[in-house]
Amino acid sequence: MGQRNAKEDEYYSFKPFRMTKLNPTTYNLVNTNVKIPKPRSGHRIVCDSANLYSFGGYLPLISSYELTSDDDWLPHRPLFREIWKFNFATLTWSKIPCKEFPEVLVSNAVTLNGEILMIFGGTSYPFGTTCSNDLYLCNLSKEDPVIQRVPTTGRIPLPQYGQSIVIHEDNLYTFGGTTGYEYTSDLHRLNLKNRIWDGAYINKGLENEPPGMYRHEIVLFESKIYVFGGGKVNRAYGFENIYAYSLHSNQWEIHATQQDPVAALDGLGGYPKKRYCHSCIQLPDSPNQIAILGGFDGANVFEDVWMLNLLNFQWTKIINCNLPKIYFHSSSVLTSGKVVTFGGIIQSNNSRERTSDIYVAWLCIPKLKEMCWDAILFYSYSNKYSASELHSMGVPLGYIQRIYSGSNNL
């Protein structure tokens with residue numbers, strides 16, 4: 002399956018808190034030349050139990066040969082009007098035959114709600130000339146999915162990009178973003194049942210309110226929306242104090258965090274450095290645990306991974322779990338707890354270029370059955386047997402369906 006890179010990895014061993022680069026399969030028995038996504042930045046990804054889904058993205062420089070050999074790319078370059086799916090069991094990419102794309106394909110905010118991909122905001126190219134305040138839905142379980150615009154009314158947010166969204170009960174919340182000229186820190190709420198917007202909290206200029214920003218990240222935990230990083234052009238915000246919006250009191254709070262004492266003693270700094278264009282994930286089985294990965298402060302590109310416990314606000318730097326120096330990437334997490342990062346801009350020495358690489362890491366200790374499945378994939382057993390054969394060997398149906406999605410009755 003191409004997942005192993007070194008001879009010493011002949012036998013499976015569970016390796017938590019280690020970053021691994023995956024090598025996608027580029028051939029199969031039906032098609033000996035399987036396409037993979039081009040390098041990109043500004044895209045967004047989500048994950049379910051089996052797959053990564055990547056929406057949109059941007060690639061400004063590409064060879065003339067690649068331009069003439071890709072009919073899908075030509076009409077929309079330098080933007081990607083596409084959704085890709087990567088299956089972690091087979092390590093294969095496939096492009097989803099999707100219809101009715103929005104024109105804004107960069108720095109959108111996305112989330113996966115069940116099998117529904119939700120896409121909000123974003124910009125086209127040149128950045129900021131056309132921005133969006135529309136919500137789009139796409140049912141990824143359909144054979145030929147259609148991206149549908151959701152008509153909304155009420156106090157609709159400004160058309161922006163670089164905002165973030167979370168879902169709480171029947172509401173979608175969006176925070177921050179930029180028009181390309183102005184940066185906002187308003188929190189808007191969309192009732193997903195009646196599709197009416199209202200301003201959950203419009204900035205009043207008070208001391209405890211967050212500043213305007215874009216390319217930040219937000220998570221929801223125990224009825225509070227936490228804001229991580231973000232910034233403006235050549236100005237980034239830090240992580241020593243975290244802004245949180247309480248859904249109960251309808252007020253912003255500031256939470257002081259605790260530095261990592263080991264990282265501080267080692268001279269690495271006890272807190273993550275200020276940054277935007279980073280990524281942030283929340284562990285499904287431990288939602289108090291979040292991680293930030295990579296990012297940019299306007300001058301420096303970061304490769305580090307930090308975790309924060311939202312119960313005690315303790316930062317921990319994950320040693321020996323670095324990405325390449327990367328920003329404008331996107332990260333998500335499988336339902337098993339494995340963290341996934343795809344694409345972005347990588348800095349190597351003095352050069353920066355976009356990538357289509359996938360990196361994964363366990364930032365938790367998963368259930369034993371997930372470790373067993375990891376071992377099966379390591380030895381490529383999943384590619385050698387049919388769905389019925391895997392079932393007769395005792396592999397649970399839920400795992401078989403991660404490869405053969407239509408295998409409901411065995």
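The sequence shown runs 2 to 411 under the numbering used here. A virtual CB, placed ideally from N, CA and C, is assigned to each residue, including glycine. Small disclaimer: the values here were computed from a predicted structure and weren't measured.
The Cβ-Cβ distance between Thr-336 and Pro-288 does not fall below 7 Å. Contact between Val-334 and Cys-48 holds, since their C-beta atoms are separated by about 6 Å, short of 8 Å. Counting along the chain, the unbroken beta strand (DSSP E) around Leu-53 starts and ends at 52-56. In the three-state DSSP reduction, Trp-74 falls in the coil class, being neither helix nor strand. Spatial neighbours of Asp-261 in its own chain (CB-CB distance under 6 Å, excluding positions within 5 residues in sequence) are listed in chain order as Gly-271, Trp-316, Thr-317 and Lys-318. A distance below 7 Å separates the beta carbons of Cys-99 and Ile-84.
Spatial neighbours of Gly-43 in its own chain (CB-CB distance under 6 Å, excluding positions within 5 residues in sequence) are listed in chain order as Gly-58, Tyr-59, Val-107, Ser-108 and Phe-329. The Cβ atoms of Ile-255 and Asn-209 sit closer than 7 Å to each other. Beta-bridge partners of Asn-242 (DSSP): Ala-257. Our two residues, Leu-62 and Ala-257, have alpha carbons roughly 42 Å apart in a direct line. Bridge pairing for Lys-318: Trp-307 [DSSP]. For Ser-186, the enclosing beta strand (DSSP E) covers residues 184-192. Per the coordinates, the alpha-carbon of Val-147 lies some 42 Å from the alpha-carbon of Glu-241.
DSSP places Val-111 inside the beta strand (DSSP E), whose first and last residues are 110-114.
Under the three-state reduction of DSSP output, Glu-354 falls in the strand class. About 20 Å separates the Cβ atoms of Tyr-137 and Arg-156, ruling out a contact at the 8 Å cut-off. Glu-218 carries a strand assignment under DSSP once its states are collapsed to helix, strand and coil. If you draw a straight line from the Cα of Pro-160 to the Cα of Phe-56, it is about 19 Å long.
Between Tyr-182 and Met-214 a beta carbon distance of about 14 Å is seen, past the 8 Å cut, so the two are scored as non-contacting.
Spatial neighbours of Lys-326 in its own chain (CB-CB distance under 8 Å, excluding positions within 5 residues in sequence) are listed in chain order as Gly-295, Val-302, Phe-303, Glu-304, Ile-347, Gln-348 and Ser-349. Ranked by how close their Cα comes to the Cα of Phe-81, the residues Thr-93, Pro-40, Ser-381 and Thr-91 have Pro-40 in first place.
Between Thr-180 and Cys-132, the gap from beta carbon to beta carbon is short of 7 Å. Straight-line spacing of the CA atoms in Ala-388 and Tyr-405 works out to 7 Å.
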